[in-house]
Each structure stands twice: as structure tokens, then as C-alpha cells.
Amino acid sequence: MPKGNPPPITPAAFQVLLALARGRAHGYGIMNFVSELTDGSVQLSPGTLYRTLSRLAVDGLVEEAPDMSEDQPHDARRRYYQLTARGWEAAAREAELIRRLAGAAAEAGLLGRQERSA
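Sequential numbering from 24 applies to the sequence shown in our numbering.
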């Protein structure tokens, strides 16, 4: 596992970490989560998703999870992913940063308003 802090988290990486914070998931499930969360305004392409998962795995933030779905047909091509402890910590740090930024945006009048007059 890599030591030190992971590199900065991109929006796509945070979206993947957020999806996996809810529990293990396969790629299609992650893409659907992001699409639903953003009302379709963000669509992770398969290329972006799997490059992001690969980078997160190299950084020790996610890992492949065993397929434990006994009630569903087995598909050897479907890979499941889960957060590592390091991934959970990185996602929590990024979520806290976003919370602070959203608070500053609200204080500046950027949230909940259609348009600001000059």
C-alpha cells in the first residue's frame, strides 16, 4: 500500500469514492449511481470510470472485492470494488473540503438563487 497522502482527488475520483462509500459495487452500478445523483448532468464514460478505478487502486484507495452474490447469476466479467480504509479516509477528507466550500458558496449567495444582481 502506498505511503503518504494520495494525490489530489479529481471530481470523477470523488464520485467513484462516494459511490463505494455506500458499499461495494461494480462499474455499471457506479456509473448509474453518479448519473442518478447528478440528475444525469454527469455521465462517467466506461473509459473514465476504469481509468479512475485503476488510479484509485494504485493509490491504495480502492480494491477489487470478492463477488459474494449467491442469489444472482455469476458473471466472471463483472468485477466488484470496495473502499480500503485509506480510501474511506480520503473520501471523508474530500467530503469535508466540499462541505466547507459549499458553506462559503452559500455565504456568498451562490446557492439557492437564480441570479445575482451586480
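Even glycine gets a Cβ: it sits at the ideal position worked out from N, Cα and C.
All values reported here derive from a predicted model rather than from experimental measurement.
Note down the Cα distance separating L133 from A125, rounded to an integer number of angstroms. Working through the sequence shown from its first residue, we reach residue 133 at position 110. Working through the sequence shown from its first residue, we reach residue 125 at position 102. Cα to Cα, the separation comes out at about 9 Å.
Please look up how many angstroms separate the CB atoms of V39 and T75, rounded, as I've assumed it's under 8 Å. In the sequence shown, counting from the first residue as 1, residue 39 sits at position 16. In the sequence shown, counting from the first residue as 1, residue 75 sits at position 52. Going by Cβ atoms, the distance from V39 to T75 rounds to 5 Å, so yes, they are a contact pair.
Just to confirm my understanding: we take A80, look at its own chain, exclude 5 residues before and 5 after, and list those with CB closer than 7 Å. What are they? Counting from one through the sequence shown, the residue named residue 80 turns up at place 57. Counting only Cβ-Cβ distances below 7 Å, and skipping sequence neighbours, we find E86.
At what residue ranges does the segment 27-64 contain a whole run of the alpha helix (DSSP H), taking only runs of 4 or more? 34-44 and 50-60
Measure the beta-carbon distance from Q105 to R45 and round it to whole angstroms, keeping in mind my assumption that it falls under 8 Å. Counted from its first residue, the sequence shown places residue 105 at position 82. Counted from its first residue, the sequence shown places residue 45 at position 22. Their Cβ separation, rounded to whole angstroms, is 11 Å, which puts Q105 and R45 out of contact at 8 Å.
Can Q66 and S58 be called in contact, C-beta distance under 8 Å? Numbered from 1 along the sequence shown, position 43 holds the residue referred to as residue 66. Numbered from 1 along the sequence shown, position 35 holds the residue referred to as residue 58. Going by C-beta atoms, Q66 is nearer than 8 Å to S58.
Along the beta strand (DSSP E) that carries A88, what are the first and last residues, could you check? One-based indexing of the sequence shown puts residue 88 at position 65. Per DSSP, A88 belongs to the beta strand (DSSP E) from V85 to A88.
How far does the alpha helix (DSSP H) with L106 in it extend, from its first residue to its last? Locating residue 106 in the sequence shown gives position 83, counting from the first residue. No alpha helix (DSSP H) contains L106, which is instead part of the beta strand (DSSP E) from Y103 to L106.
Close Cβ partners of I32 (< 6 Å) along its chain, the five nearest in sequence each way excluded: The residue you call residue 32 lines up with position 9 of the sequence shown. The residues are E117.
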